[in-house]
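Top to bottom, those sequences are chains A and B. For the first sequence, the residue numbers in numbering that gives the first Met the number 0 are 0 to 207. For the second sequence, the residue numbers in numbering that gives the first Met the number 0 are 0 to 207. The beta-carbon is built from N, C-alpha and C at its ideal position, and this holds for glycine as well. These figures come from a predicted structure and were not determined experimentally. As structure tokens, the structure follows; a few thoughts come after it.
Number of protein chains: 2
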Amino acid sequence: MPEQVTVTTVDPAPRRRGRPGYDLEAVLRVAVEVFNERGYDGASMEDLSKRLGIAKSGIYHHVSGKEELLRLALDRALDGLWEAADLARALDAPAIERLERLVRDAVGVLAARLPYVTLLLRVRGNTDVERAALARRRAFDALVASLVEEAERDGDIRPDIDPKLAARLLFGTVNSIVEWYRPASSTSPSALADAVCAIAFDGLRVRR
Amino acid sequence: MPEQVTVTTVDPAPRRRGRPGYDLEAVLRVAVEVFNERGYDGASMEDLSKRLGIAKSGIYHHVSGKEELLRLALDRALDGLWEAADLARALDAPAIERLERLVRDAVGVLAARLPYVTLLLRVRGNTDVERAALARRRAFDALVASLVEEAERDGDIRPDIDPKLAARLLFGTVNSIVEWYRPASSTSPSALADAVCAIAFDGLRVRR
Numbered sequence: 000m001p002e003q004v005t006v007t008t009v010d011p012a013p014r015r016r017g018r019p020g021y022d023l024e025a026v027l028r029v030a031v032e033v034f035n036e037r038g039y040d041g042a043s044m045e046d047l048s049k050r051l052g053i054a055k056s057g058i059y060h061h062v063s064g065k066e067e068l069l070r071l072a073l074d075r076a077l078d079g080l081w082e083a084a085d086l087a088r089a090l091d092a093p094a095i096e097r098l099e100r101l102v103r104d105a106v107g108v109l110a111a112r113l114p115y116v117t118l119l120l121r122v123r124g125n126t127d128v129e130r131a132a133l134a135r136r137r138a139f140d141a142l143v144a145s146l147v148e149e150a151e152r153d154g155d156i157r158p159d160i161d162p163k164l165a166a167r168l169l170f171g172t173v174n175s176i177v178e179w180y181r182p183a184s185s186t187s188p189s190a191l192a193d194a195v196c197a198i199a200f201d202g203l204r205v206r207r
Numbered sequence: 000m001p002e003q004v005t006v007t008t009v010d011p012a013p014r015r016r017g018r019p020g021y022d023l024e025a026v027l028r029v030a031v032e033v034f035n036e037r038g039y040d041g042a043s044m045e046d047l048s049k050r051l052g053i054a055k056s057g058i059y060h061h062v063s064g065k066e067e068l069l070r071l072a073l074d075r076a077l078d079g080l081w082e083a084a085d086l087a088r089a090l091d092a093p094a095i096e097r098l099e100r101l102v103r104d105a106v107g108v109l110a111a112r113l114p115y116v117t118l119l120l121r122v123r124g125n126t127d128v129e130r131a132a133l134a135r136r137r138a139f140d141a142l143v144a145s146l147v148e149e150a151e152r153d154g155d156i157r158p159d160i161d162p163k164l165a166a167r168l169l170f171g172t173v174n175s176i177v178e179w180y181r182p183a184s185s186t187s188p189s190a191l192a193d194a195v196c197a198i199a200f201d202g203l204r205v206r207r
């Protein structure tokens, strides 16, 4: 059985700025919705303005444009993942426990910031903002791979799988959650994190 | 250690029709490339014609249009997955072994038909062809879930994870491969299948 660890969902209080009802948080939430539906390239400020039911000037009151919305949205996902990474790194425990904590908290971040992480996972690097996000994502993946390597050196992770491949499959499982998980799901984020850790670390097969 | 099973990659001989150099297979291969780059909705017959360096009439010589290319491409992915499913179902073995065989062969299909499966996994159901593909994909997922359930009833799979959730995470891992695997990778399809099965069924953690 996996150790029970509380999922840390570090969601900052929504930043409020501008007129009531259309604060930056609301604009950002709708922007991410539209980006995920039409793709960032296919979504225009016109689309956002229509969806929000306000003039474009009402959006420019909060942000300089579409690219700033993208940057804020991707940072929302990346900041969450990096807060989880920092918590895991600060843990005074063997690498395998830091890794398990990171997987667990990353699932929490995915569930709590689902549309933002969905957007992040679709980024292909067409703009500076996207390339910066990809660089932060690659650094996160490198941290995961280094934790897997360290745990393998400790003898806690099976030595017959390349650590980079193991790290990829591990976060492949975590990231696949955005394809089907919905906040209204009957599976709570912490039950989801339990299931991911149980399968990834201990396997589906009953140990006899 | 996972049992060594040969990965079955059931790739049909390319169908040849039309003039040399631009057979249906070549047209389909380029169409899938363009669909994956621009999205099906964003790709035009004009784009395909430019990429192939032939007139649109050269494409219409092979297919009735863009939608037929999509159907052929999605069937290429789905036929592969269903051949793997039929092989697994026909196996005279406990459910957990049929499930493991299916995971292994599905990884083989993904690696061998990577662009086709990538296209399939991005389908959202905007056209009849896409909806038909989604229905076949859902039936495949239901088969996976039923194998997990059966293996859980047999006592071979841990009872603390909902079978539907386990099936989702299992194929989430498999499907995540399309995000990074490339045919030129140093990891062979069968090493990849071994790693997926080792992690999913037996876990990363060393058993003590």
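Under the 10 Å beta carbon count, residue 59 of chain B is surrounded by fewer than 16 other beta carbons and is classified as exposed. A straight-line Cα-Cα distance of about 16 angstroms links residue 178 of chain B and residue 141 of chain A. Per DSSP, the beta bridge partners of residue 204 of chain B are A:156. Under the Cβ distance rule, residue 126 of chain B does not count among the residues neighbouring chain A, no pair being separated by less than 8 angstroms. Residue 200 of chain B reaches chain A at 202, 203, 204, counting residues in chain order whose Cβ is nearer than 8 angstroms. Put simply, the CB of residue 187 of chain B is far from chain A, with every gap to its CB atoms at 8 angstroms or more. Secondary structure at residue 95 of chain A: helix, using DSSP grouped into helix, strand and coil. Residue 85 of chain B is classed as exposed because its beta carbon has fewer than 16 other beta carbons within 10 Å across all chains shown. Interface annotation, residue 194 of chain B: in contact with chain A, CB-CB separation under 8 angstroms. A distance below 8 angstroms between beta-carbons, with the five flanking residues on each side excluded, links residue 128 of chain B to the following residues of its chain, in chain order: 66, 69, 70, 73. From the listed residues B:80, B:106, B:31, the smallest Cα separation to residue 180 of chain B is found for B:106. Separation of the CB atoms of residue 156 of chain A and residue 204 of chain B is rounded to 7 angstroms, and the pair is thereby assigned contact status at 8 angstroms. Take the alpha-carbon of residue 64 of chain A and the one of residue 44 of chain A: they are about 8 angstroms apart.
Of the residues B:153, B:132, B:151, the one whose Cα lies closest to the Cα of residue 79 of chain B is B:132.
About 4 angstroms separates the beta carbon of residue 115 of chain B from that of residue 76 of chain B, a gap short enough to meet the 8 angstroms contact definition.
At least 8 angstroms separates the CB of residue 22 of chain A from every CB of chain B. Assigned with DSSP and collapsed to three states, residue 89 of chain A falls in helix. In this structure, the alpha-carbon of residue 202 of chain B lies about 39 angstroms from that of residue 27 of chain A.
Uninterrupted beta strand (DSSP E) stretches at least 3 residues long and entirely within the stretch 54-85 of chain A do not occur. Along the length of the stretch 112-173 of chain B, whole alpha helix (DSSP H) runs at least 4 residues long occupy 113-121, 127-152, reported in chain order. Contact between residue 170 of chain A and residue 99 of chain A is ruled out by a C-beta separation of about 13 angstroms, above the 8 angstroms threshold. Annotated three-state conformation of residue 189 of chain B is helix, per DSSP. Between residue 137 of chain A and chain B, the shortest Cβ-Cβ separation is not below 8 angstroms. At least 8 angstroms separates the beta-carbon of residue 194 of chain B from that of residue 23 of chain A. Each residue's CA atom was taken as its position, placing residue 89 of chain B and residue 130 of chain B some 28 angstroms apart. Counted as a single uninterrupted DSSP element, the alpha helix (DSSP H) harbouring residue 48 of chain A occupies residues 44-51.
The residue from B:32, B:40, B:148, B:21 with its alpha-carbon nearest to that of residue 57 of chain B is B:21.
Counting only residues of its own chain and dropping the five nearest sequence neighbours on each side, residue 109 of chain B has a CB closer than 7 angstroms to the CB of 116, 173, 176, 177. Chain B places a beta carbon closer than 8 angstroms to that of residue 164 of chain A, counting this residue as a contact. As the crow flies, the alpha-carbon of residue 189 of chain B is around 12 angstroms from that of residue 197 of chain B.
Only exposed fits residue 36 of chain A, as fewer than 16 other CB atoms lie within 10 angstroms of its CB. Under the three-state reduction of DSSP, residue 38 of chain B is assigned to coil, being neither helix nor strand. The beta carbon of residue 158 of chain B lies closer than 8 angstroms to those of 151 in the same chain, with the five residues before and after it left out. Neighbourhood of residue 197 of chain A in chain B, by CB distance below 8 angstroms: 157, 159, 160, in chain order. Rounded to whole angstroms, the Cβ separation of residue 101 of chain B and residue 146 of chain B is 7 angstroms, and the two are in contact under 8 angstroms.
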